[in-house]
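*Asks:* First the structure, which I've put down as structure tokens, then a few questions once you've had a look.
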Amino acid sequence: MNNRHKSVIVRKWVHSYEEDTDEEKVYRPEGFVMPRSRGRDKIALEEEGKLINTFPGRGDALESTTGFWQVKEDKLILTFDQKNQEQYTIREVNAERLVLKKNN
């Protein structure tokens with residue numbers, strides 16, 4: 001991933017699960033108009049590598065966890081609590097859409 005793509009990925013992303021496929025998760029930038037939903041996962045990828053993951057919890061109240069993110073080649077690596085790590089292949093990233101494939 002080049003520096004131009006890194007500058008695009010730094011923002012707040014909202015899970016657009018209606019666009020997901022069996023292999024891919026689709027995110028849209030915060031503020032993008034989506035169908036109403038009881039709750040959506042959100043990831044904030046901040047400039048300094050800080051990550052804030054917000055998701056609906058009990059009774060649909062929002063909960064959040066923090067961690068760090070990094071990009072290595074075409075991989076987005078999310079690290080929570082220094083133990084739990086998720087790795088995705090970046091299939092597409094632009095100002096309107098982030099498409100991730102979960103790596104096993």
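Positions 1 to 104 (full-length UniProt numbering) are the ones given, in order, by the sequence shown. For glycine and all other residues, C-beta sits at the position ideal for the given N, C-alpha and C. These numbers come from a predicted model, not from an experiment.
For residue 103, I'd like the list of residues in its chain whose CB is within less than 7 Å of its CB, leaving aside the five on either flank, ordered along the chain.
*Replies:* In the sequence shown, counting from the first residue as 1, residue 103 sits at position 103. Taken in chain order, the residues that qualify are 87, 88, 89.
*Asks:* Grab the span of the beta strand (DSSP E) containing residue 85 for me, first residue to last.
*Replies:* Start at 1 with the first residue of the sequence shown, and residue 85 comes out as number 85. Counting along the chain, the beta strand (DSSP E) containing residue 85 begins and ends at 84–94.
*Asks:* On a Cα-Cα basis, can you pick out the residue from 66, 49, 75 that is closest to residue 55?
*Replies:* In the sequence shown, the residue the question calls residue 55 occupies position 55. When only C-alpha atoms are compared, the closest one is 66.
*Asks:* From the DSSP output, which residues share a beta bridge with residue 56?
*Replies:* Within the sequence shown, residue 56 is the residue found at index 56, counting from 1. DSSP output for residue 56 lists 62 as bridge partner(s).
*Asks:* Residue 27 lies in the beta strand (DSSP E); which residues open and close that run?
*Replies:* Within the sequence shown, residue 27 is the residue found at index 27, counting from 1. Where residue 27 is concerned, the enclosing beta strand (DSSP E) stretches over 24–29.
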